[in-house]
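Novice: Using the numbering used here, read the sequence shown as starting at 1041 and increasing by one per residue.
Dumping the structure here so I can ask a few things about it.
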Amino acid sequence: MQLIHLGAYVSGMSKAIQAVEIRCCWSCEELPVELLELSFKEPSGFCRPFRYEVRIPGEEPLYQSESEYAARRYLEMLLALPAGHL
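Rendered as structure tokens:
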């Protein structure tokens, strides 16, 4: 797992600023595609995931989901891999 970016997210409901951590859950050297986990950084240091994205680096997301399973399944279908392979 690799930490990619640490940024900020402004909540529309509370106008609070929370740190957002983005880490790469899966990538492949042969294919330009990756699975990213976006999470809020809690004051305790714990990260709480809120979205998963399948994307080509530097491009808009191909797929977004609150479910890691759904994002992994989309990536498996995209790469024509059997279910549960990733």
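C-beta: ideal position from N, C-alpha, C; glycine also.
Please go through the same chain and pick out, in chain order, the residues whose beta-carbon is closer than 7 angstroms to the beta-carbon of Leu1126, but skip the five residues on each side of it.
Specialist: Within the sequence shown, the letter at position 86 stands for residue 1126. So the list reads Trp1066, Arg1112, Leu1115, Glu1116, once near-sequence residues are dropped.
Novice: Measure the C-alpha to C-alpha separation of Tyr1109 and Glu1069 and round it to an integer number of angstroms.
Specialist: For the purposes of this step, residue 1109 is taken as the residue at position 69 of the sequence shown. For the purposes of this step, residue 1069 is taken as the residue at position 29 of the sequence shown. Cα to Cα, Tyr1109 sits roughly 22 angstroms from Glu1069.
Novice: Excluding the 5 residues preceding and the 5 following Pro1122 in the sequence, name in chain order all residues of the same chain whose CB lies nearer than 8 angstroms to its CB.
Specialist: For this step, residue 1122 is matched to residue 82 along the sequence shown. Only Glu1116 meet the Cβ criterion.
Novice: Do you know whose CA, among Gly1124, Arg1091, Ala1059, Leu1119, lies nearest Ser1107's CA?
Specialist: Counting from 1 along the sequence shown, the entry for residue 1107 is found at position 67. Closest option to Ser1107, Cα to Cα, is Arg1091.
Novice: Helix, strand or coil: how does DSSP classify Ala1123 here?
Specialist: Against the sequence shown, residue 1123 aligns to sequence position 83. Correct three-state label for Ala1123: coil.
Novice: Does DSSP put Ala1102 in a helix, a strand or coil?
Specialist: Your numbering for residue 1102 matches position 62 in the sequence shown. What sits at residue 1102 in the sequence shown is Leu, not Ala. Of the three classes helix, strand and coil, the one that applies to Leu1102 here is strand, per DSSP.
Novice: Apart from the five residues just before and just after Ser1105, which ones in its own chain have a Cβ nearer than 6 angstroms to its Cβ?
Specialist: Translated into the one-based positions of the sequence shown, residue 1105 becomes position 65. Cβ within range, chain order: Tyr1092, Ala1111.
Novice: For Pro1101, which residues from the same chain have a beta carbon less than 7 angstroms from its beta carbon, with the 5 sequence-adjacent residues on both sides left out?
Specialist: Counting from 1 along the sequence shown, the entry for residue 1101 is found at position 61. Once the five neighbours on either side are set aside, the close Cβ partners of Pro1101 are Glu1093, Val1094, Arg1095.
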